[in-house]
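Novice: Residue numbers (the working numbering), protein chains in the order written: chain A, 54 to 392; chain B, 54 to 392.
Have a look at this one.
There are 2 protein chains.
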Amino acid sequence: MAKMSDVAKLAGVSTATVSRVLRNPDAVTPRTKQKVVEAIEELKYQPNMLARHFRRTETNTILVSVPNIINTVFAEIVGGIEDEASKNGYRVLLRNTNNQVDSEYSSIEHLKQRQADGIIMLSPKMDERLLEEISEQYPMVMATANLHSSKVPTVSINNVSSSKKATDYLIQLGHKRIGHITGRLDSIISKHRYRGYCQAMEEHNLPVDQNMVREGDFTYESGYKQMKSLLSQKTVPSAIFAASDDMAMGVINAAKHHGLKVPGDLAVVGFDNVKFSSIFDPPLTTIAQPLFDMGKRSMELLIKKLNNVPLSQTEYILDDELVVRASCGAEIEEGLIKK
Amino acid sequence: MAKMSDVAKLAGVSTATVSRVLRNPDAVTPRTKQKVVEAIEELKYQPNMLARHFRRTETNTILVSVPNIINTVFAEIVGGIEDEASKNGYRVLLRNTNNQVDSEYSSIEHLKQRQADGIIMLSPKMDERLLEEISEQYPMVMATANLHSSKVPTVSINNVSSSKKATDYLIQLGHKRIGHITGRLDSIISKHRYRGYCQAMEEHNLPVDQNMVREGDFTYESGYKQMKSLLSQKTVPSAIFAASDDMAMGVINAAKHHGLKVPGDLAVVGFDNVKFSSIFDPPLTTIAQPLFDMGKRSMELLIKKLNNVPLSQTEYILDDELVVRASCGAEIEEGLIKK
DNA sequence: TTGTAAGCGTTATCAC
DNA sequence: GTGATAACGCTTACAA
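Spelled out as structure tokens, the structure:
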């Protein structure tokens, strides 16, 4: 494999000149540049990036810590990150944590060992104070995370207001016994979505009945199971707000298997607007998180940090949207919501 | 940031010894080792991996070229790759190609620039001869690809026999007008699946009617569109074999929107067994590709190549399986297939 | 504008 | 078993 010194020799110049041609061609006369370029082509020279990264102490690589790449929510965010990254000459190193905090720590180690220029953490589970500490020393951005503190730059939607919006919608359709399947309640996202649900209920003087609330873990299976549990009670909800589309689909299938019609006997609102939510039968009414954009935006912010551009804020709240489909039996007609 | 020489100084040894403690601790007396370890902890020394990679000319990173990470098929394979990689101390660098051949070439450049120790290509579209050439010089494995040649190690299922199996199943259920939605026919995978379909038909003396065959591109949308097209004809199929689950779901929804009952009026078999296929209504009968395992296996093979372990073969065919669910209206009962 | 040469932090080859 | 030192390939003061 040809190295820079080979190119230099063939072109009759020094390695410094070859390096300049590569890095900043205008600092060199057209003539020498020409010679060097020819030599590069002749030898099919490829710079040894390991040497370059070492010397420049940068990798052009950003690390993404993902709880689970198979989850379409994260896959879409990663898609957005990758898109923006490759447009800017960065590569994306993926780290699947499988929801293990240990794995998150080891991602941080990678960062400290300078194997990546920066990190984007998706829904981190690790200690918040530690996260802040690292964020002070290394370029870091978080996506789909709501920490208590706002020291770490975070891209998300407003999980409280969006959930309130979802619940409001069900109330507006006339529902009173509205159940909620939460995500794992050790996650702040889940707490916020729960809070939005509570706020909507309380504002309309509807009691938040703990018999109507179940803790899931964002998965289809947990939605299915918790709905079964709700259906085994004497009083049964007429509507469900699920904190994820996967759970909403579990809820609907559980209801169907129980002989209920959706939306006839049960209205369901999901959360995320993953691809399948529109394909599912019935298509899900859901809160659309701009997942791809969240990924893009996180990467944009990280690039700013990498270039020492000061960020004007630390919380970037993107717009969510209630996407109305058939799972609540409502149709938009002339701008009005009809049951 | 502390460097090795700092550790050496504090421990009162040379850098060579520190390096030894890190790489091969048994080549050092317990006493010196102890001193060095203490110094490392005291200084919170982290090796500079950029320097190490440069020096060792290896990165412990493998590159995965993915047509589209948002596609659950690929996401599951990547999940398997990541799993096996992290068990073996490798990191996974992701490159989303968005089905652009150019992007595949640029992944290869990364490899040549020694930014990764090896590469796994998922469904590559680039020139086959070039692929072979690169495979001779660099560690490379392919997954979900069937090339004509068998020089590049490839992990896949047998797309011909699996498709034949799927079609046979429909024939066995009594269907005669069986349609097929292919993937893009410039892909060998699609051609093989088509071939399996044809073989099954011909073996049962059923004509392969070109009016019953449509070219899709593996996406839900294409399945939907091509089914609409099939339904606009005078003679309409009674069953469809779709070359992907996404297309199968498109087919089913198109049929439903057209007023047909699935499986009552139309039986559908898909391909891939993505997570959502069992959640869909009706749950899809489909060919299960062991996606996660395919990822794992590809990584295993790549690790062998990286360690210069000779591979006994170049084609690794994993077992597929026909998963029978409700989309064909059949139920397994006492081991018998009933209509 | 171009060349010289030092240096990035680690590892490997020698001696001792 | 340990230490001195050269080397990996590129970048960058500094000198010319």
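C-beta: ideal position from N, C-alpha, C; glycine also.
Remember, predicted model here, so these are calculated numbers, not experimental data.
1) Check the Cβ-Cβ distances between residue 104 (chain B) and every residue of chain A, and say whether any is below 9 Å.
2) Tell me which residues share the same chain as residue 299 (chain A) and place their Cβ nearer than 7 Å to its Cβ, disregarding the 5 neighbours each side in the sequence.
3) Could you spell out where the alpha helix (DSSP H) holding residue 103 (chain B) opens and where it closes?
4) Three or more C-beta pairs closer than 8 Å, one from the stretch 208-220 of chain B and one from the stretch 245-263 of chain B: is that the case here?
5) So, helix, strand or coil for residue 116 (chain A), using DSSP?
6) Is it right to say residue 154 (chain A) is buried, meaning 16 or more other beta carbons lie within 10 angstroms of its own, or is it exposed?
7) If you draw a straight line from the alpha carbon of residue 355 (chain B) to that of residue 305 (chain A), how long is it in whole angstroms?
8) What are the residues of the stretch 80-111 of chain B that lie near chain A, defined by any Cβ-Cβ distance shorter than 7 Å?
9) Closer than 6 Å by C-beta to residue 195 (chain A): which residues in its own chain qualify, once you throw out the five before and the five after it? Chain order, please.
10) When the Cβ atoms of the stretch 149-168 of chain B are set against those of the stretch 88-102 of chain B, are three or more pairs found closer than 8 Å?
11) Ignore the nearest five residues each way along the sequence and tell me which others in residue 229 (chain A)'s own chain have a CB closer than 8 Å to its CB.
12) With 7 Å as the C-beta to C-beta threshold (strictly closer), list the residues of the stretch 247-274 of chain B near chain A in chain order.
13) Assuming residue 294 (chain A) and residue 231 (chain A) make a contact with CB atoms under 8 Å, what is their CB distance in whole Å?
14) Assuming residue 294 (chain B) is part of the alpha helix (DSSP H), what are its boundary residues?
15) Could you tell me which whole alpha helix (DSSP H) segments of length 4 or greater appear in the stretch 118-157 of chain B?
16) Below 7 Å between beta carbons is the criterion; list the residues of the stretch 116-134 of chain B that meet it against any residue of chain A, in chain order.
17) Interface residues of chain A around residue 165 (chain B) at Cβ under 9 Å?
18) Just to confirm my understanding: we take residue 127 (chain B), look at its own chain, exclude 5 residues before and 5 after, and list those with CB closer than 7 Å. What are they?
19) Which residues share a DSSP beta bridge with residue 374 (chain B)?
20) Indicate, with yes or no, if the ligand MG has a heavy atom lying under 8 Å from the CB of residue 204 (chain B).
21) What separation, rounded to the nearest whole angstrom, lies between the Cα atoms of residue 72 (chain A) and residue 349 (chain B)?
22) If you draw a straight line from the C-alpha of residue 212 (chain B) to the C-alpha of residue 286 (chain B), how long is it?
23) Decide if residue 171 (chain A) is buried, meaning its Cβ has at least 16 other Cβ atoms within 10 Å, or exposed.
24) Would you list the one or two residues that DSSP bridges to residue 322 (chain A)?
25) Is there a Cβ of chain B sitting closer than 9 Å to that of residue 302 (chain A), yes or no?
26) Are the beta-carbon atoms belonging to residue 340 (chain A) and residue 362 (chain A) less than 9 Å from one another?
27) Nearest CA to the CA of residue 109 (chain B): which residue from B:76, B:84 and B:131?
28) Quick check: the Cα distance between residue 301 (chain A) and residue 334 (chain A), rounded to an integer number of angstroms?
29) CB residue 144 (chain B) to CB residue 148 (chain A), shorter than 9 Å?
30) Find the nearest neighbour of residue 46 (chain A) within the set A:337, A:331, A:261 and A:269, judged by alpha-carbon distance.
31) List, from N- to C-terminal side, the beta strand (DSSP E) runs of 3 residues or more that fit wholly inside the stretch 208-253 of chain B.
32) Looking only at its own chain, which residues have a Cβ that is under 6 Å from the Cβ of residue 307 (chain A), when we skip the five neighbours before and after it?
33) Leaving out five residues before and five after residue 389 (chain A) in sequence, what residues of the same chain have Cβ atoms less than 8 Å from its Cβ?
34) When the cut-off is 9 Å and only beta carbons count, does residue 389 (chain A) lie next to chain B?
35) Please tell me whether residue 32 (chain B) and residue 250 (chain B) are closer than 9 Å, where the distance is taken between their beta carbons.
36) Name, please, each residue of chain A whose Cβ falls closer than 7 Å to the Cβ of residue 332 (chain B).
Specialist: On the basis of the supplied data:
1) The residue you call residue 104 (chain B) lines up with position 51 of the second sequence. At a cut-off of 9 Å between beta carbons, residue 104 (chain B) contacts chain A.
2) To locate residue 299 (chain A), count along the first sequence from 1; it is residue 246. 271, 272, 273 and 276.
3) Locating residue 103 (chain B) in the second sequence gives position 50, where the first residue counts as 1. It spans 102-109 - the alpha helix (DSSP H) in which residue 103 (chain B) sits, taken as one unbroken run.
4) Three or more pairs of CB atoms, one per stretch, sit closer than 8 Å, so the stretch 208-220 of chain B contacts the stretch 245-263 of chain B.
5) Here residue 116 (chain A) refers to the residue found at position 63 when the first sequence is read from its first residue. Note: residue 116 (chain A) maps to strand in three-state DSSP.
6) The residue labelled residue 154 (chain A) in the question sits at position 101 within the first sequence. It is exposed - the Cβ of residue 154 (chain A) has fewer than 16 other Cβ atoms within 10 Å.
7) As a first step, residue 355 (chain B) is located in the second sequence; it is residue number 302 there, counting from the start. As a first step, residue 305 (chain A) is located in the first sequence; it is residue number 252 there, counting from the start. As the crow flies, the alpha-carbon of residue 355 (chain B) is around 42 Å from that of residue 305 (chain A).
8) Correct list: 99, 100, 101, 102, 103, 104, 106, 107 and 110.
9) Here residue 195 (chain A) corresponds to residue number 142 of the first sequence, with the count starting at 1. Correct list, in chain order: 174, 205 and 207.
10) Segments in contact, no.
11) Within the first sequence, numbered from 1, the residue matching residue 229 (chain A) stands at position 176. Its chain contains 259 and 291 as the residues whose beta carbon lies nearer than 8 Å to that of residue 229 (chain A), once the 5 sequence neighbours on both sides are disregarded; these appear in chain order.
12) Hits within the stretch, in order: 273.
13) Residue 294 (chain A) sits at position 241 when you count from the first residue of the first sequence. Residue 231 (chain A) sits at position 178 when you count from the first residue of the first sequence. The Cβ separation is near 6 Å, so the contact holds.
14) Taking the first residue of the second sequence as position 1, residue 294 (chain B) is located at position 241. It is not in any alpha helix (DSSP H) - residue 294 (chain B) instead sits in the beta strand (DSSP E) that spans 292-295.
15) For the alpha helix (DSSP H) assignment, the uninterrupted runs of no fewer than 4 residues enclosed by the stretch 118-157 of chain B are, from N- to C-terminal side, 125-140.
16) Taking 7 Å as the upper bound on Cβ-Cβ separation, chain A lies near residues 122, 123, 125, 128, 129, 131 and 132 of the stretch 116-134 of chain B.
17) The count along the second sequence starts at 1 and reaches residue 165 (chain B) at position 112. At a beta-carbon threshold of 9 Å, the residues of chain A lying near residue 165 (chain B) are 54 and 99, ordered along the chain.
18) Position 74 of the second sequence, counted from the first residue, corresponds to residue 127 (chain B). These residues qualify, in order along the chain: 119, 120, 121 and 175.
19) As a working mapping, residue 374 (chain B) is identified with position 321 in the second sequence. Under DSSP, residue 374 (chain B) shares a beta bridge with B:341.
20) Of the ligands one can find in the structure shown there are none, so the ligand MG has no counterpart to examine.
21) Taking the first sequence and counting its residues from 1, the one referred to as residue 72 (chain A) is at position 19. Taking the second sequence and counting its residues from 1, the one referred to as residue 349 (chain B) is at position 296. Distance from the CA of residue 72 (chain A) to the CA of residue 349 (chain B), rounded to the nearest whole angstrom, comes to 40 Å.
22) The sequence position of residue 212 (chain B) within the second sequence is 159, counting from 1. The sequence position of residue 286 (chain B) within the second sequence is 233, counting from 1. So the alpha carbons of these two residues sit roughly 29 Å apart.
23) Counting from 1 along the first sequence, the entry for residue 171 (chain A) is found at position 118. Under the 10 Å beta carbon count, residue 171 (chain A) is surrounded by 16 or more other beta carbons and is classified as buried.
24) Working through the first sequence from its first residue, we reach residue 322 (chain A) at position 269. Per DSSP, A:294 and A:338.
25) For the purposes of this step, residue 302 (chain A) is identified with residue 249 of the first sequence, where counting begins at 1. Closer than 9 Å: yes.
26) Residue 340 (chain A) sits at position 287 when you count from the first residue of the first sequence. Residue 362 (chain A) sits at position 309 when you count from the first residue of the first sequence. No, the pair does not count as a contact, with Cβ atoms beyond the cut-off.
27) Position 56 of the second sequence, counted from the first residue, corresponds to residue 109 (chain B). Checked all of B:76, B:84 and B:131; the closest Cα to residue 109 (chain B) is B:76.
28) Locating residue 301 (chain A) in the first sequence gives position 248, counting from the first residue. Locating residue 334 (chain A) in the first sequence gives position 281, counting from the first residue. Cα atoms of residue 301 (chain A) and residue 334 (chain A): separation of roughly 11 Å, rounded to the nearest angstrom.
29) Residue 144 (chain B) sits at position 91 when you count from the first residue of the second sequence. Residue 148 (chain A) sits at position 95 when you count from the first residue of the first sequence. Result yes, Cβ atoms of residue 144 (chain B) and residue 148 (chain A) sit closer than 9 Å.
30) A question about residue 46 (chain A) goes unanswered here, because the residues of chain A that appear run from 54 up to 392.
31) Listed in chain order, the complete beta strand (DSSP E) runs (minimum 3 residues) inside the stretch 208-253 of chain B are 231-235.
32) Here residue 307 (chain A) refers to the residue found at position 254 when the first sequence is read from its first residue. Answer for residue 307 (chain A): 277, 280 and 281, listed in chain order.
33) Sequence index remark: in the first sequence, residue 389 (chain A) carries index 336 (1-based). Interpretation of residue 389 (chain A) is limited by its pLDDT of 41, a score under 50 that renders its predicted location unreliable; no figure is taken from the coordinates.
34) Position 336 of the first sequence, counting from 1, holds the residue named residue 389 (chain A). Reliability of the predicted coordinates at residue 389 (chain A) is poor, the pLDDT of 41 falling under 50, and the value obtained from them is presented with this limitation in mind. Chain B contact via Cβ: absent.
35) With chain B covering 54 to 392 only, the question about residue 32 (chain B) has no answer from this structure.
36) By one-based count along the second sequence, residue 332 (chain B) stands at place 279. The contacting residues are 273, 302 and 306.
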